[in-house]
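Participant:
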Amino acid sequence: MGKVSTRHIRQLKGKRPVVCVTAYDSIIAGLASEAGIDLILVGDSMGTTHLGFDTTVPVTVPMMLQATASVVRAKPDALVVADIPFAIIRRSPDFVLETCARFMQEAGADAVKIEGGEDVAPTIALLTASGIPVLGHIGLLPQQVYQLGGYRKFGKTEAEKEQLIRDAQALEKAGAFAMVGEMIAPEAAAAVSAATGVPLIGIGCGVDCDGQVLVYTDLLGLTPGYVPAFAKQYANLRETVRNAFSTYAEEVRERKFPS
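Counted from 1, the sequence shown has number 110 at position 110 by the numbering used here; the numbering is strictly sequential.
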């Protein structure tokens with residue numbers, strides 16, 4: 001297939017769904033690439049899946065740079081997109097540009113992902129004009145969990161659906177090559193997809209999006225505790241890994257390993 005580009009992702013609109021998963025290290029990134037995944041998102045979801053935080057808010061730029069560089073070192077054919085962490089987009093345009101450039105120059109990312117709609121479109125336009133590809137993110141914005149007071153689905157009212165359409169169109173106009181839609185009511189997600197010319201990659205948004213993304217620990221059955229209802233589990237590696245550790249411990253204690 002060769003290295004996936006932002007142009008390739010954009011051109012999948014209307015042809016076939018974009019396949020996206022998260023990854024935070026070179027091992028998982030390499031496996032995802034071997035499986036033919038189109039887009040690897042180095043998500044700030046790393047905070048809750050790997051670092052033990054309750055939300056994504058504590059994740060910092062240095063943490064994301066390190067994870068992104070690890071993913072890039074796997075040399076995946078998939079497009080590598082790095083999440084820009086909490087509150088960065090709300091700082092000065094020059095600071096945002098400098099930070100996003102670091103993800104491409106220092107970590108080797110192919111693009112960045114930024115949460116927000118109409119309100120952040122001017123900054124995204126600056127980034128894309130500067131040569132930094134941007135994956136947008138509308139609907140539920142996890143970085144705003146404290147301001148929202150929790151997680152919920154968006155687009156259930158006509159007013160919210162119209163706002164989501166405006167957000168998506170503003171991001172497209174600003175140069176975003178695609179966008180993630182999170183926890184959007186399926187009917188609204190379908191309307192957003194129909195109203196824009198770039199792919200809407202859904203998570204918890206139903207089947208009528210232009211692609212799907214899952215957190216890989218949910219997909220592989222590694223997530224402890226709560227797993228979102230929309231996240232299909234394709235393996236139960238948590239049990240497999242626990243059993244492997246248990247067998248190893250038993251063999252060491254019984255002097256069966258090393259043999």
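Positions of the beta carbon are idealized from the N, C-alpha and C atoms, including for glycine.
Beta-carbon separation of VAL81 and ALA111 under 8 Å?
Facilitator: Yes; because the gap between Cβ atoms is below 8 Å, this pair is in contact.
Participant: Suppose you measure from the CA of HIS261 to the CA of VAL180; what does that come to, to the nearest Å?
Facilitator: Residue 261 is absent from the structure shown; the chain starts at 1 and stops at 259.
Participant: Which class does VAL53 belong to by DSSP, given the choice of helix, strand or coil?
Facilitator: A small fix is needed here, since residue 53 is Phe in this sequence, not Val. Residue state, collapsed to three classes: coil.
Participant: Can you name, in chain order, every residue of its own chain whose Cβ lies under 7 Å from the Cβ of CYS100, other than the five neighbours on each side?
Facilitator: Excluding residues within five positions, the ones whose Cβ falls inside 7 Å are ILE84, VAL112, LEU127 and ILE132.
Participant: I need the straight-line Cα distance from GLY197 to THR56, nearest angstrom please.
Facilitator: Their Cα atoms are separated by approximately 30 Å.
Participant: What are the start and end residues of each continuous beta strand (DSSP E) run of 3 or more residues lying completely inside the stretch 68-98, in chain order?
Facilitator: DSSP runs (the beta strand (DSSP E)) wholly in the stretch 68-98: 79-83.
Participant: State yes or no: is the C-beta of ALA107 within less than 8 Å of the C-beta of ALA74?
Facilitator: No, Cβ-Cβ distance for ALA107 and ALA74 is not below 8 Å.
Participant: Alpha carbon to alpha carbon, how far is ARG166 from ILE184? Give it in angstroms, no decimals.
Facilitator: Looking at the two C-alpha atoms, the distance is approximately 14 Å.
Participant: Going by beta carbon distance, what residues of the same chain come within less than 7 Å of LEU193, once the five residues before and after it are set aside?
Facilitator: Leu is not the amino acid found at residue 193; the sequence shown has Ser there. Closer than 7 Å at the Cβ level, and outside the excluded window around SER193, lie LEU200, ASP208, CYS209 and ASP210.
Participant: Take the Cβ of LYS232 as the centre, count every other Cβ of all protein chains shown within 10 Å, and call the residue buried at 16 or more, exposed below.
Facilitator: LYS232 is exposed by the Cβ-count criterion.
Participant: My understanding is that CYS205 touches PRO186, with C-beta atoms under 8 Å, so please give their C-beta distance in whole angstroms.
Facilitator: Contact flag correct, Cβ pair sits at about 6 Å.
Participant: Within its chain, find whatever has a CB closer than 7 Å to the CB of SER45; leave out the 5 residues flanking it on each side and keep chain order.
Facilitator: For SER45, where only same-chain residues beyond five positions count, the Cβ hits under 7 Å are THR22, THR56 and VAL215.
Participant: Assuming the contact rule is C-beta atoms closer than 8 Å, GLY221 and ASN236 should be a hit. Round their C-beta distance to whole Å, please.
Facilitator: Between ASN236 and GLY221 the Cβ distance is about 4 Å, and since that is below 8 Å, they are a contact.
Participant: Pick out whichever of PHE86, ILE40, MET104 and GLY47 has its Cα sitting closest to the Cα of PRO76.
Facilitator: The shortest Cα separation from PRO76 among PHE86, ILE40, MET104 and GLY47 belongs to ILE40.
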